[in-house]
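**Q**
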Amino acid sequence: MNKVLLIIQREYLTRVRKKSFIIMIFVVPLLILVMGGAIALIAKNSTQLTNLQVVNVVDNSGIFAKKLQDVPNIKFTLVHQDINEAKAMSKKDENISTLYIPADYNKQGAIQIFAKKKSPLQLTDEIQKQMNDIDFNNSMIQHHIDTAVIHSIKKADISVNAVEITDKGDKDANIGPNIAISIACAIFIYLALFIYGSQVMRGVIEEKTSRIIEVIISSVKPFQLMLGKIIGVGLVGLTQFSAWIILSVISSKIAGHVFNTPQSPMVSAMAVIQTIPFGYILGCFLFYFLTGYLLYSALFAAVGSAVDSETETQQFMFPITMPLLFTYILSVSVLFRAPDSALAVWLSIIPFTAPVAMMVRLPFDPPVWQLALSMSLMVVGFLFTTYVAARIYRVGILMYGKKVNFKELGKWFFYKE
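So this is what it looks like as structure tokens:
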């Protein structure tokens with residue numbers, strides 16, 4: 001046990017004493033704060049970033065052109081030209097688009113917009129919205145419906161506020177912030193498992209290729225060495241994440257005081273964030289980070305022991321990381337939209353995908369039994385992968401100059417002590 005502790009101490013202190021480690025502890029929270037401010041500023045002034053887009057309208061239907069209204073950064077101009085002549089103007093200037101409306105505009109795909117570059121989504125959405133409104137008003141007039149009366153009684157758009165029923169009473173569901181938190185947690189877990197797992201693999205490869213491993217193995221068992229490396233690097237990651245969380249909270253509070261005005265988006269955001277159970281989410285984040293890291297880093301260590309250089313790791317890395325990558329892609333595209341679907345539930349229970357999938361579901365309060373089952377299987381999963389990896393590691397760490405495949409790794413697993 002003392003030997004394992006010495007290895008953990010060496011792996012930990014070697015990394016945390018590096019200047020790059022200390023610098024990144026302070027730089028990352030600052031970058032997150034700057035990035036958040038930049039995103040908020042860009043979102044607020046997004047319309048100012050778009051160049052004025054002139055839309056030349058060739059309207060063969062005679063219905064829309066004179067009714068299209070200019071909006072910020074979009075100016076509609078009726079042109080009496082052949083479509084080919086109008087297209088030629090758009091070909092010369094990327095800020096001039098040509099909207100072609102044929103007489104039979106109701107046909108699917110009949111209305112077209114031509115531009116030198118791909119048209120911005122903002123432009124096509126605005127054109128579709130205005131044309132649909134104009135077409136709707138024309139239909140009402142054709143059916144002798146007074147559009148003025150319709151518009152006079154039309155009220156503001158109805159908004160629905162999601163409210164969660166709890167034992168302590170009703171509370172705002174905060175769907176938007178929950179989605180943001182769930183995606184952020186999935187991204188952080190995904191990156192953490194890759195970054196720190198890769199550090200374990202690189203450490204093993206470096207010691208193996210420098211032949212230092214032969215000296216170390218004479219004093220400790222391969223399993224002790226692997227376990228010490230995994231735990232040591234894991235503690236480095238835990239230290240780094242803890243520092244980032246603490247500094248991010250401090251910097252956010254400072255920013256909140258600096259921009260402390262009643263209308264400040266920062267104040268409103270902080271008020272909403274305070275309603276989210278961060279203690280619960282943070283505790284689960286640390287659990288899934290640690291168990292997910294232990295599960296994957298054991299496999300990364302096994303890969304590192306089986307090869308002689310980092311370039312040879314690709315054939316083994318893809319099958320190992322594919323479940324994680326698959327779940328990450330689904331998390332930021334599908335799972336946050338349906339956190340209680342069968343797909344989300346199964347992915348949050350299977351150990352190889354649970355660290356990412358369950359973090360997506362946590363802000364949406366999954367059933368306790370599902371969380372307990374997922375955590376239990378995570379513990380069983382990392383114990384199993386550690387056992388498998390250790391049997392491969394004990395052979396591969398002293399194997400040099402041999403091209404290894406999955407069949408060979410299978411043989412190593414069944415070698416007797």
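Numbering (my numbering), first residue to last: 1 to 417.
For every residue, glycine included, the Cβ atom is placed at its ideal position computed from N, Cα and C.
Note that the structure is a prediction, hence the values are computed from the model and not measured.
Taking the CB atoms as reference points, tell me whether Ala-301 and Tyr-393 lie closer together than 8 Å.
**A** Against a cut-off of 8 Å, the Cβ pair of Tyr-393 and Ala-301 comes out as a contact.
**Q** Short of 6 Å in beta carbon distance, which residues of its chain neighbour Ser-182, apart from the five on each side in sequence? Order them along the chain.
**A** Taken in chain order, the residues that qualify are Phe-336, Val-360, Pro-363.
**Q** Specify the secondary structure class of Leu-52 as computed by DSSP and reduced to three states.
**A** In the structure shown, Leu-52 sits in coil (DSSP, three-state: anything other than H, G, I, E or B).
**Q** Quick one: Cα of Ala-344 to Cα of Tyr-288, how far?
**A** Each residue's alpha carbon lies about 16 Å from the other.
**Q** Do Leu-324 and Val-356 come within 8 Å of each other at the CB atom, strictly closer than that value?
**A** For Val-356 and Leu-324, yes; Cβs fall inside 8 Å.
**Q** Contact defined as beta carbons within less than 8 Å: I believe Val-57 pairs with Leu-68. What is the distance between those atoms, to the nearest angstrom?
**A** The Cβ separation is near 6 Å, so the contact holds.
**Q** Could you check the C-alpha separation between Ile-179 and Ala-354 for me, to the nearest Å?
**A** The straight-line gap from Cα to Cα measures roughly 18 Å.
**Q** Would you tell me roughly how many angstroms separate the C-alpha atoms of Gly-283 and Val-220, rounded to the nearest one?
**A** Distance between the alpha carbons of Gly-283 and Val-220 is about 34 Å.
**Q** Report all residues from its chain with a CB closer than 8 Å to the CB of Ser-90; omit the five preceding and five following residues, and keep chain order.
**A** So the qualifying residues of the chain are Asn-56, Ile-96, Ser-97, Thr-98, Phe-114, Ala-115, Lys-116.
**Q** Can you tell me where the alpha helix (DSSP H) with Phe-316 in it begins and where it stops?
**A** From DSSP, the alpha helix (DSSP H) with Phe-316 extends over 314–330.
**Q** Name the one or two DSSP bridge partners that Tyr-100 has.
**A** Note: Tyr-100 sits in a beta bridge opposite Val-58, Gln-112.
**Q** Looking at Val-388 and Phe-413, is the spacing between their C-beta atoms short of 8 Å?
**A** Taking 8 Å as the Cβ cut-off, Phe-413 and Val-388 qualify as a contacting pair.
**Q** Around the C-beta of Ala-192, are 16 or more other C-beta atoms found within 10 angstroms, so that it is buried, or is it exposed?
**A** Looking at its Cβ environment, which holds 16 or more other Cβ atoms inside 10 Å, Ala-192 is buried.
**Q** Measuring alpha carbon to alpha carbon, tell me which residue in Val-334, Leu-377, Leu-383 is nearest Leu-299.
**A** It is Leu-383 whose Cα lies nearest to the Cα of Leu-299.
**Q** For Ile-350, which option in Gly-396, Leu-371, Ser-305, Thr-313 has the closest C-alpha, if you only look at C-alpha atoms?
**A** Answer by Cα proximity: Leu-371.
**Q** Return the first residue and the last residue of the alpha helix (DSSP H) that Phe-136 is part of.
**A** It spans 121–142 - the alpha helix (DSSP H) in which Phe-136 sits, taken as one unbroken run.
**Q** Can you say whether Ala-226 is buried or exposed, counting buried as having 16 or more other CB atoms within 10 angstroms of its CB?
**A** The residue you asked about is not Ala; residue 226 is Met in the sequence shown. Met-226 is buried by the Cβ-count criterion.
**Q** Please return the same chain residues whose Cβ sits closer than 6 Å to the Cβ of Lys-3, not counting the five positions on each side in sequence.
**A** Excluding positions up to five away in sequence, the list reads Val-220, Gln-224.
**Q** Find out if the Cβ-Cβ distance for the pair Gly-304, Val-200 is shorter than 8 Å.
**A** Going by C-beta atoms, Gly-304 is nearer than 8 Å to Val-200.
**Q** Report the CB separation of Ile-127 from Asp-59 in whole angstroms; it is logged as a contact under 8 Å.
**A** With a Cβ gap of about 12 Å, Ile-127 and Asp-59 do not count as contacting.
**Q** Got a sec, what are the start and stop residues for the alpha helix (DSSP H) Leu-78 sits in?
**A** Premise fails: Leu-78 lies in the beta strand (DSSP E), 74–78, not in any alpha helix (DSSP H).
**Q** Taking the alpha helix (DSSP H) that Ser-374 falls in, what are its first and last residues?
**A** From DSSP, the alpha helix (DSSP H) with Ser-374 extends over 368–396.
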